[in-house]
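In full-length UniProt numbering, the protein residues as written are 1 to 1124.
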């Protein structure tokens, strides 16, 4: 191989080294292991290939053809095939003089044949090749190698040294004038600009044999690309740059919001000093600095779902030399046929070639005009008698550095001057950090003779770096480092005038302070002479090239204070102080106190919180809730500026709690502790109906009614006050609260006149007083007696034997009257009947009533000479005795006629009916035949023939059936078939009769809101028509009334009566024989629970009370009258 460097003592002369070749050599020969792997890969089963190209070898200057075959039986169209050299070089673009691509199709065998022919192979053609074939979703590929061997030529008749040239001297160089090199022709550019009629001529001239493939490629080149939706302007197909230069890729986007990414060989490119990205409107630019051979690759850019690609070719620029090189050899004969070769390729001189051949007798000279480093190669000469070769290495004259560049440290804004001096009058290039330096107003490049200068008038931070001066054509560089320094500065422009930073407690503070200085200064934060270190603490410092940051992760109240920042570098120091104020929500206020309470309002007060959070308190929010609830309700939506508040619209009698929130600029505090529970209460209304109950010579008894409105606070009691006429001194009559509505004022002087008032007292206080309208004379007044008999005692009072009798009869009279009770005109036996008397009523009480207690009771009330009497009838009833005699009057067929005599003892009540039972003589089991029967004779039918029966009869009154029954002495035998029964002859009986009420209506009490019924029984034939009337007005189609008639029992039901439904009700029965009416009075009362009238039943709310009335009808009926 040629030497890699030129000895410096050879000077600028061109040196030709002649090295005779004694053996063949090849380029691109792969290692044995790699060759084995490729063969194994090609031996795998192929999906499309029928025949794959095989590895081959060829000598320099010879031709070789590679063949690939594809079976087309399953293919609808021709597959696509591509030939590559290496990994990515597509050989379709290299087709021309030395490379031809062909394709044929055999119809009978349906096989496509693809050929790649290499013409006049060169050593540089050696290497690895790849063939790829695709059809829709099918793909197949194979690799193969090409070896190119150097060519050895032997002359003569077979002897090794026969015809060997006799060189008489070494090749020598000669200097000639430089000749312009003929540029290489781009045949595809020529075809693209030519007329179609000249295609065949150009193809023949440049060795293109595949005319069809040439036309397809031209068509693709001329095809108008579809307009991209993402790119308004795409990359050029290819870019070329010299080694060490700078290239610019630019695309223009249709939408500037699209994200753009750059890729090199499929790998994303990140910004760096080598790769610089710029955005200008819709234009996206990428610069590649200091391009090297490794940057020779495929590049593409993506925008959204689209991409466009290009290729970058990096070339090493030739070093032009003004001298020429001559290679001279001498042969043994004149006019010998001599050929020159460069690296095995024949040199063909021409008018535009830099190579010329000069013959002077036996001397043959090869002249190379304007030799460059690219001309360094192996040159050989051949003739019929032998060959000779030599290697040429092009070098340069050594360069001396007279004054090297020196490192400089300058202050920001000062001048930078880099100066060097070399021994040659040649130009050079300046680079900074590997990038070419461009001259501008800021930077000047000066070249005077051998002196080179780079002057920067006003040094900036960006001017710092490694500067290198490289003389042209020499591999020598002169480096220098420029260090720009600047005193540190702390920039506090973003803070307040007093450098105060406010942060909310609990949040993260990241205080970034811009700093400047070169080199970047070291920042130290401190507080109270204690340094804040960098690290992972809650309070820490972070350093960056252009800023220093103080970080407080979770700010607390104690973090407030003055923080110091100190900067220091080799150019100086800087100091600053920053005040950090941590603000927070205020502390919760103290629990409020309720100072006054009304019926639906209260007045509350509180103290401001001890800590206001670092900012003034703006106001307060108030909430309240019921004590038993957990739901708080906001009372004010506008901040309360004061420390007092009056909540309203509360429910009286419900316990409440209130709490406070303090508000500042940061937020709302936590709630205060709830206040003590309080209950809104109101005083009652004044008592009502204050009246004089009684007056004696020394006392006055007052009576009143409770207030109309008591409220949730209830009623604790009453206070009765009086004052004498002509004075304003009110005297409290009762020292303690009384809960009764009656009180007697004692110790009064006789004939005095007093005014009286009463107040209701509860937890909220005293109500307004209720005054008696006129003065009261303290002197006893005689009131004649008067007995008030309850309405239910104005009729006969009926009770059963064994029940209790408790009758209360109120009366009036003053002074206290004298009472006398008599029964049937005789004195009452107090051992059997208890009499209890009071000032207002008398009670007659019998624990267990007996029939002997029945009778007329007379009451006499006497006050001095005045007297009042009243009478009460009491009837004590019991069960009746059994009938006296039961006889069987007749037996016929299946029927038995019975008759009996009513019982001697009717139980002190009318007999309402009889119950008849029968029993088979065999079993003597009794079965009821007839119930509630009214007559004393009956016919029992549907008896079983052949059986013998006994019969018995029970008597019945209001208390029920008699305890015993009277049974027939004889039995009744029901004769079997065959016995002739003669029907008795009866005279026709006239059953028609005028209407007649067998059970009258009775005066009734009803309770408001509960259904009431009026009942009576009527008989008549034909059946009478029943009409109900109220106050002489017929009741027709009124939904409040329901009328029933069943077996002669007539019922009128009044639904939920009110006091207005009271009055006189009449039942009218009419048939053809007459008309009859009966009346009763109905009184509707409102019954209050716990308030009862003496002598009347107590009705409890929600419970149904039934008063049973025994009414004798044609068929005995037991009726229930609801009184609820």
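Every residue gets a Cβ at the ideal spot worked out from N, C-alpha and C, and that includes glycine.
Buried or exposed by the 16-neighbour rule on C-beta atoms within 10 Å, applied to residue 538 = Working through the chain shown from its first residue, we reach residue 538 at position 538. Per the 10 Å Cβ criterion, exposed.
Please specify which runs of the beta strand (DSSP E), each continuous and at least 3 residues long, are wholly inside the region 260-315, giving them in chain order.
-> 260-264, 275-280, 283-288, 298-303, 306-315
Which two residues bound the contiguous alpha helix (DSSP H) that contains residue 192?
-> Counting from 1 along the chain shown, the entry for residue 192 is found at position 192. Residue 192 -> alpha helix (DSSP H) spans 187-193.
Unbroken beta strand (DSSP E) run spanning residue 452, endpoints = To locate residue 452, count along the chain shown from 1; it is residue 452. It spans 451-456 - the beta strand (DSSP E) in which residue 452 sits, taken as one unbroken run.
Report all residues from its chain with a CB closer than 8 Å to the CB of residue 879; omit the five preceding and five following residues, and keep chain order.
-> On the chain shown, position 879 is the one that residue 879 refers to. Here the set comprises 907, 957, 959, 960, 961, 962, 963.
If you compare alpha carbons, which of 205, 237, 354 is closest to residue 311?
-> On the chain shown, position 311 is the one that residue 311 refers to. The candidate whose alpha carbon is nearest that of residue 311 is 237.
Say whether the region 413-431 touches the region 392-404, bearing in mind that this needs 3 or more beta-carbon pairs closer than 8 Å, one atom from each stretch.
-> yes
Label residue 924 either buried or exposed according to how many other C-beta atoms from any shown protein chain fall within 10 Å of its C-beta, with 16 as the threshold for buried.
-> What you label residue 924 is simply residue 924 of the chain shown in a count that begins at 1. By the 10 Å Cβ count, residue 924 comes out exposed.
Taking the C-alpha atoms as reference points, what is the distance between residue 480 and residue 328?
-> One-based indexing of the chain shown puts residue 480 at position 480. One-based indexing of the chain shown puts residue 328 at position 328. So the two alpha carbons sit approximately 46 Å from each other.
Mark residue 707 as exposed unless 16 or more other C-beta atoms lie within 10 angstroms of its C-beta, in which case mark it buried.
-> What you label residue 707 is simply residue 707 of the chain shown in a count that begins at 1. It is buried - the Cβ of residue 707 has at least 16 other Cβ atoms within 10 Å.
In chain order, what residues of the same chain have a beta carbon less than 8 Å from the beta carbon of residue 215, not counting five sequence neighbours either side?
-> Numbered from 1 along the chain shown, position 215 holds the residue referred to as residue 215. Once the five neighbours on either side are set aside, the close Cβ partners of residue 215 are 199.
Would you mind working out which of 624, 619, 631, 657 sits nearest residue 639, comparing C-alpha positions?
-> On the chain shown, position 639 is the one that residue 639 refers to. Per the Cα distances, 619.
Can you grab the Cα-Cα spacing for the pair residue 634 / residue 623, in whole Å?
-> Walking along the chain shown from the start, residue 634 turns up at place 634. Walking along the chain shown from the start, residue 623 turns up at place 623. Roughly 4 Å between the two C-alpha positions.
Whose C-alpha, out of 303, 290, 268, 274, is nearest the C-alpha of residue 235?
-> Position 235 of the chain shown, counted from the first residue, corresponds to residue 235. Residue 235 has its Cα closest to that of 303, out of 303, 290, 268, 274.
Only counting runs of 3 or more residues, tell me where the beta strand (DSSP E) segments fall wholly within the region 937-1024, in order along the chain.
-> 937-940, 948-957, 993-999, 1004-1007, 1012-1021
Hey, is residue 823 close to the ligand FMN, as in C-beta under 7 Å from one of its heavy atoms?
-> Ligands displayed in this structure: none; no statement on the ligand FMN is therefore possible.
Which residues in the same chain have their Cβ closer than 6 Å to the Cβ of residue 870, if we skip the five residues on either side of it in sequence?
-> For the purposes of this step, residue 870 is taken as the residue at position 870 of the chain shown. Around residue 870: 787, 789, 859.
What do you get for residue 675, buried or exposed, if any count of 16 or more other CB atoms within 10 angstroms of its CB means buried?
-> Numbered from its first residue, the chain shown carries residue 675 at position 675. When all chains shown are included, residue 675 counts as buried.
Can you pull the DSSP bridge partners for residue 90?
-> Counting from one through the chain shown, the residue named residue 90 turns up at place 90. Looking at the DSSP assignment, residue 90 forms a beta bridge with 84.
Below 8 Å CB to CB, which residues in the same chain sit around residue 688 once its five sequence neighbours on both sides are set aside?
-> Translated into the one-based positions of the chain shown, residue 688 becomes position 688. If we look at residue 688 and ignore the five residues flanking it on each side, its Cβ neighbours are 704, 705, 706, 707, 708, 770.
Nearest neighbour of residue 969, chosen from 986, 983, 666, 950 [CA to CA] | If you number the chain shown from 1, residue 969 lands on position 969. Ranking the options by Cα distance to residue 969, first place goes to 950.
In DSSP terms, what residue 1086 is bridged to = Residue mapping note: residue 1086 aligns to position 1086 of the chain shown, counting from 1. Paired residues: none, contrary to the question.
Just to confirm, are residue 503 and residue 617 a CB contact at a threshold of 8 Å?
-> Against the chain shown, residue 503 aligns to sequence position 503. Against the chain shown, residue 617 aligns to sequence position 617. In this structure, residue 617 does not lie closer than 8 Å to residue 503 by Cβ.
Quickly, what does DSSP pair residue 1135 with across the bridge? List them, please.
-> Residue 1135 is absent from the structure shown; the chain starts at 1 and stops at 1124.
DSSP state of residue 415 mapped onto helix, strand, coil | Numbered from its first residue, the chain shown carries residue 415 at position 415. Three-state result, residue 415: coil.
Meets three-Cβ-pair contact criterion under 8 Å: the region 370-385 and the region 430-448 | no
Sort 60, 72, 1011 by Cα distance to residue 108 and report the nearest one.
-> Position 108 of the chain shown, counting from 1, holds the residue named residue 108. Residue 72 is the option with its Cα nearest to residue 108.
Which value, in whole angstroms, describes the spacing of the CA atoms of residue 540 and residue 497?
-> Numbered from 1 along the chain shown, position 540 holds the residue referred to as residue 540. Numbered from 1 along the chain shown, position 497 holds the residue referred to as residue 497. So the two alpha carbons sit approximately 25 Å from each other.
Which residues mark the beginning and the end of the beta strand (DSSP E) in which residue 114 is found?
-> Your numbering for residue 114 matches position 114 in the chain shown. Looking at the DSSP string, the run of the beta strand (DSSP E) that includes residue 114 is 111-118.
Excluding the 5 residues preceding and the 5 following residue 850 in the sequence, name in chain order all residues of the same chain whose CB lies nearer than 7 Å to its CB.
-> As a working mapping, residue 850 is identified with position 850 in the chain shown. Cβ within range, chain order: 801, 876.
Alpha carbon to alpha carbon, how far is residue 552 from residue 644? Give it in angstroms, no decimals.
-> Residue 644 sits at position 644 when you count from the first residue of the chain shown. Residue 552 sits at position 552 when you count from the first residue of the chain shown. Looking at the two C-alpha atoms, the distance is approximately 39 Å.
For my contact list, residue 527 and residue 561 are in at a C-beta cut-off of 8 Å; report their separation, rounded to the angstrom.
-> Counting from one through the chain shown, the residue named residue 527 turns up at place 527. Counting from one through the chain shown, the residue named residue 561 turns up at place 561. Confirmed, Cβ separation roughly 6 Å.
Report the three-state DSSP secondary structure of residue 373 (helix, strand or coil).
-> Counting from one through the chain shown, the residue named residue 373 turns up at place 373. Note: residue 373 maps to helix in three-state DSSP.
From 831, 534, 844, pick the residue whose C-alpha is nearest to that of residue 810; which is it?
-> Position 810 of the chain shown holds residue 810. When only C-alpha atoms are compared, the closest one is 844.
DSSP on residue 924, reduced to helix/strand/coil?
-> For this step, residue 924 is matched to residue 924 along the chain shown. Three-state result, residue 924: coil.
What are the boundary residues of the beta strand (DSSP E) that residue 601 is part of?
-> Numbered from 1 along the chain shown, position 601 holds the residue referred to as residue 601. Looking at the DSSP string, residue 601 is not in any beta strand (DSSP E), and its letter there is neither H nor E.
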